[in-house]
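Quick note: the sequence shown, position 62, residue 129 per this note's numbering, numbers continuous.
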Amino acid sequence: MPNIATIHPCSILISDPFLQDPNFARTVVLICEHQPAGSFGLVVNQPLDLKLNELVPAASDIHLPVYSGGPVAADTLHFIHKRPDLLEESIFLQKGIGWSGNFFQIIHLLRSGDLDPSEILFFLGYSGWGEGQLEYELEEKTWITSEVTSPLLFQVSPGKRWQYSLNQLGGDYAQMANYPIDPQLN
Numbered sequence: 068m069p070n071i072a073t074i075h076p077c078s079i080l081i082s083d084p085f086l087q088d089p090n091f092a093r094t095v096v097l098i099c100e101h102q103p104a105g106s107f108g109l110v111v112n113q114p115l116d117l118k119l120n121e122l123v124p125a126a127s128d129i130h131l132p133v134y135s136g137g138p139v140a141a142d143t144l145h146f147i148h149k150r151p152d153l154l155e156e157s158i159f160l161q162k163g164i165g166w167s168g169n170f171f172q173i174i175h176l177l178r179s180g181d182l183d184p185s186e187i188l189f190f191l192g193y194s195g196w197g198e199g200q201l202e203y204e205l206e207e208k209t210w211i212t213s214e215v216t217s218p219l220l221f222q223v224s225p226g227k228r229w230q231y232s233l234n235q236l237g238g239d240y241a242q243m244a245n246y247p248i249d250p251q252l253n
């Protein structure tokens, strides 16, 4: 059984194969912040049919995909990146993974080529848990916990991130990666 003590920034939550919640079915959530009062994360494998330039007029020439970070505050923009060393106001999650930062600096760095488009992901909304909520979901085995890797976020295609995460755990988890969405169809 997962232990909440193992949850920290850069943990990932991999949804149980049979989770029916439409917001989280077959998702991988990167935990960016975890405290006793609650947790904040971003779903990393649900691309939207939107590009950054469609949302932010200041980024009219930047056509990067935008993901659904979760069902909370779907009108807010968030981002994770590989360059916490380069971006001011960035929150260091682990080596090679940062969260947030100076948005206008990001736009400048993308335009200048100092930040490669493959080094950043943008999200609308986020996933949030109040006090005790994530602990309860872990006890109910809604989530499988693991540690994030840079390849998962920045090299694996979004549609493969859930399966990749389970395969990385091996054993029974790797078998889960092949479970049908609806077990009655098997």
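No residue lacks a Cβ here, since even glycine has one placed at the ideal position from N, Cα and C.
Just so we're clear, the structure is a prediction, and the values are computed from it rather than from any experiment.
Any idea what DSSP makes of residue i, helix, strand or coil?
{"i": "PRO69", "result": "A caution first: PRO69 carries a pLDDT of 41, below 50, which makes its placement in the model too unreliable to give a value."}
{"i": "PHE146", "result": "strand"}
{"i": "ILE173", "result": "helix"}
{"i": "ALA104", "result": "coil"}
{"i": "PRO184", "result": "helix"}
{"i": "LEU119", "result": "helix"}
{"i": "PRO124", "result": "helix"}
Considering only residues of the same chain and omitting the five flanking positions on each side of residue i, which have a CB-CB separation below 6 Å?
{"i": "HIS130", "result": "LYS118 and ASN120"}
{"i": "PRO151", "result": "SER157, PHE159 and GLY165"}
Can you list, in chain order, the residues of its chain whose CB lies under 8 Å from that of residue i, leaving out five sequence neighbours each side?
{"i": "MET68", "result": "At MET68, the pLDDT of 38 sits below 50, so the modelled position is not reliable; the number obtained from the coordinates is stated separately. Answer for MET68: LEU205, GLU206 and LYS208, listed in chain order."}
{"i": "HIS75", "result": "ILE98 and HIS101"}
{"i": "ASP128", "result": "ASN120 and ARG178"}
{"i": "THR216", "result": "GLN235"}
Rounded to whole angstroms, what's the CA-CA distance from residue i to residue j? Just pull it up for me.
{"i": "MET243", "j": "THR94", "result": "13 Å"}
{"i": "TYR231", "j": "PHE190", "result": "20 Å"}
{"i": "TYR240", "j": "SER213", "result": "11 Å"}
{"i": "LEU220", "j": "ARG228", "result": "8 Å"}
{"i": "LEU182", "j": "GLY197", "result": "34 Å"}
{"i": "GLU186", "j": "HIS148", "result": "5 Å"}
{"i": "SER167", "j": "PHE146", "result": "5 Å"}
Please check the pair residue i and residue j, which I expect to be a contact at CB under 8 Å, by giving their CB distance rounded to whole angstroms.
{"i": "LEU176", "j": "LEU153", "result": "7 Å"}
{"i": "VAL96", "j": "VAL110", "result": "5 Å"}
{"i": "ALA125", "j": "ILE173", "result": "Between ILE173 and ALA125 the Cβ distance is about 10 Å, and since that is not below 8 Å, they are no contact."}
Can you name, in chain order, every residue of its own chain whose Cβ lies under 7 Å from the Cβ of residue i, other than the five neighbours on each side?
{"i": "VAL139", "result": "GLY192, TYR193, SER194 and GLY195"}
{"i": "ASN169", "result": "LEU154, GLU155 and GLU156"}
Closer than 8 Å, CB to CB, is residue i near chain D or not?
{"i": "LEU177", "result": "No chain D is part of this structure, which consists of one protein chain only."}
| field | Residue ranges of each alpha helix (DSSP H) within the region 200-245, 4 or longer | value | 200-206, 217-221, 228-236 and 238-243
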